[in-house]
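Q:
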Amino acid sequence: MDYVLYVVESRRISITIELARKESEFTILNMSISRLPDLPAFPDAQQAQIIRANQRDLFHVSSLREQAESVLRSWLGTRWLTRWDKEVELVVKLIYYGLSVGRAIQTLGEEYTDIWEYSSDGRAPSRSLGAALILLPTLPSYVLARWGSQLNAVSPRVGESLKVLQVCLEVATEINLAMFYLRGSYYDLVKRLLGIRHLSSIPENPHVRPPSYSLLGILIAIRLLHRLITFLRSRTQTASEKFSGKRSLDSMNEMFIDDRPVSTLLGVSASESEVKPAEEDENTILDVTLIPPHLRAGRTCTLCLEERTDSCATECGHLFCWGCIVGWGREKAECPLCRQALSLTRLLPIYNL
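Residue numbers (this note's numbering): 376 to 728.
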């Protein structure tokens, strides 16, 4: 009996010693873990990475738009593309950013510079933030470009308010850009409002100093200051000349073509851009019906591929329809044939060709 008690007591002692050894090992393990250095965190993206990613995205959007316009021009014609170019640009942007930002993955520009977007809570942007990142930069500009003139014609007060809003957005964008170049992480105004920042998957090199863009921020701030001073001077001058006859004198000095102001000629509506037969052209001294067919074939406009109506010439000497070249010049200030600089105020109406 004494032998059994001795064995049990010895086993209890051995178990106690084993537990003490395990506890000491666990304590040593906790001490070693507590002494481990903190895991490295991803650094914020540098300004050069953000700028390069934005430039890369703009390049891909422009390339995608040019390819889409080339296909649509070959299918539907130049006149259709000129009429619906705003919608084409909107759809291209929605497709590009919808397939990247909308799916919470990198854009091609961000992938090129190894940066990622994250929200204020330290996570990837949610679906609602992704939708806001896509729609806020695209829809307002499309609405202003497409229906700004119509709203101004319906209600001058609404049109004036839209112009003021557009100017305020431009100034706010420049202020945000100046802050980014001076010291910041928000290249876009929309991302600043939504709290979207970028992190880099490339570790920082302590031996390399990142480039500074403070000079660009200072130059933008100087330009904004000059713009503010010019605006205040113009408002003061307008108030002082409100009851003078200078405004009526300016209207008398406006240039006219066929009893129509040049400012109204530059605004081509959708109805005026419709194709009309050359026989109905009122802005020519030619009797088109008497022109031989082989000569009429040489009166083709290279933009709409139809016989010219309301013919006009650019400074480089090429002939187009008035509506076609005005619609082209609003998008690209260059001749579509020779790429020479194009000014809409220097178009010359032609009546005998």
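Backbone N, C-alpha and C fix where the C-beta goes; we use that ideal spot for every residue, glycine too.
Please state the DSSP three-state secondary structure of LEU474.
A: coil
Q: For my contact list, SER530 and TYR556 are in at a C-beta cut-off of 8 Å; report their separation, rounded to the angstrom.
A: With a Cβ gap of about 39 Å, SER530 and TYR556 do not count as contacting.
Q: Could you give the uninterrupted runs of the alpha helix (DSSP H) lying entirely in the segment 433 to 510, keeping only those of 4 residues or more?
A: 453 to 458, 460 to 473 and 483 to 488
Q: On the premise that THR675 lies in contact with LEU722, defined as a C-beta separation below 8 Å, what is that separation, rounded to the nearest angstrom?
A: Contact flag wrong, Cβ pair sits at about 19 Å.
Q: Between the segment 529 to 544 and the segment 438 to 456, do three or more beta carbon pairs fall short of 8 Å?
A: Result no; under three Cβ-Cβ pairs closer than 8 Å.
Q: On the CB-based measure, 16 or more other CB atoms within 10 Å of its CB, does ARG598 come out buried or exposed?
A: exposed
Q: Suppose contacts are defined by Cβ-Cβ distances below 8 Å. Is VAL463 in contact with ARG427 by that definition?
A: No, these two residues do not count as a Cβ contact at 8 Å.
Q: Between the alpha carbons of SER494 and GLN525, how many angstroms are there, rounded?
A: 38 Å
Q: Do HIS435 and TYR471 have their beta-carbon atoms positioned less than 8 Å apart in this structure?
A: When the beta-carbon positions are compared, TYR471 and HIS435 come within less than 8 Å of each other.
Q: Answer yes if the segment 507 to 523 comes into contact with the segment 601 to 613, meaning at least three C-beta pairs across the two stretches below 8 Å, and no otherwise.
A: no
Q: Rounded to the nearest angstrom, what separates ILE490 and ARG498 at their Cα positions?
A: 14 Å
Q: How would you write the range of the alpha helix (DSSP H) that ARG714 sits in, first residue to last?
A: Taken as a continuous stretch (DSSP letters only), ARG714 belongs to no alpha helix (DSSP H), as it is neither H nor E.
Q: Here's the rule: buried if 16 or more other CB atoms are within 10 angstroms of the residue's CB, otherwise exposed. What is PHE695?
A: buried
Q: According to DSSP, is LEU682 helix, strand or coil?
A: One detail in the question is off: residue 682 reads as Glu in this sequence, not Leu. Three-state DSSP puts GLU682 in a strand.
Q: Alpha helix (DSSP H) containing LEU326: first to last residue?
A: For residue 326 there is no data in the structure shown, the boundaries of the chain being 376 and 728.
Q: Let me make sure I understand the geometry here. Which of LEU594, PRO668 and LEU552 has the alpha-carbon closest to that of TYR562?
A: LEU552
Q: Pick out the complete beta strand (DSSP E) segments inside the segment 543 to 576, 3 residues or longer, and give them in chain order.
A: 572 to 575
Q: What do you get for ASN585, buried or exposed, if any count of 16 or more other CB atoms within 10 angstroms of its CB means buried?
A: Looking at the sequence shown, residue 585 is not Asn but Pro. Under this definition PRO585 is an exposed residue.
Q: Going along the chain, which residues of its own chain have a beta-carbon closer than 7 Å to the beta-carbon of CYS710, five neighbours each way excluded?
A: THR689, CYS691, HIS693 and LEU717
Q: So, with DSSP's three-state summary, where would you put LEU603?
A: helix
Q: Where do the ends of the beta strand (DSSP E) carrying CYS676 lie?
A: CYS676 -> no beta strand (DSSP E), and no H or E assigned at all.
Q: Measuring alpha carbon to alpha carbon, tell me which of ARG431, SER576, HIS669 and ARG714 ends up nearest THR482.
A: ARG431
Q: Go through its chain and collect everything with a Cβ distance to VAL382's Cβ below 7 Å, but skip five positions before and after it.
A: With a pLDDT of 40 at VAL382, under the threshold of 50, the predicted position of this residue should be treated as unreliable, though the coordinate-derived value follows. Excluding positions up to five away in sequence, the list is empty.
Q: Count the other CB atoms, across all protein chains shown, that sit within 10 Å of the CB of GLY673; report buried if there are 16 or more and exposed otherwise.
A: When all chains shown are included, GLY673 counts as exposed.
Q: Report buried or exposed for LEU414, applying the criterion of at least 16 other Cβ atoms within 10 angstroms of its Cβ.
A: In this prediction, LEU414 scores a pLDDT of 48, lower than 50, which makes its location untrustworthy; no coordinate-derived value is stated.
Q: With which residues is ALA688 paired in a DSSP beta bridge?
A: DSSP lists LEU694 and LEU723 as the bridge partner or partners of ALA688.
Q: Let me confirm a value: SER445 is counted as buried when at least 16 other C-beta atoms fall within 10 Å, else exposed. Which label applies?
A: exposed
Q: Taking the C-alpha atoms as reference points, what is the distance between LEU607 and GLY534?
A: 22 Å
Q: Measuring from the CB of VAL529, is there a heavy atom of the ligand ZN at a distance below 7 Å?
A: Of ligands this structure carries none, so the ligand ZN is not represented either.
Q: Just how far apart, CA to CA, sit ALA443 and LEU514?
A: In this structure, the CA atom of ALA443 is about 19 Å from the CA atom of LEU514.
Q: Please state whether the Cβ-Cβ distance between CYS713 and TRP697 is less than 8 Å.
A: no
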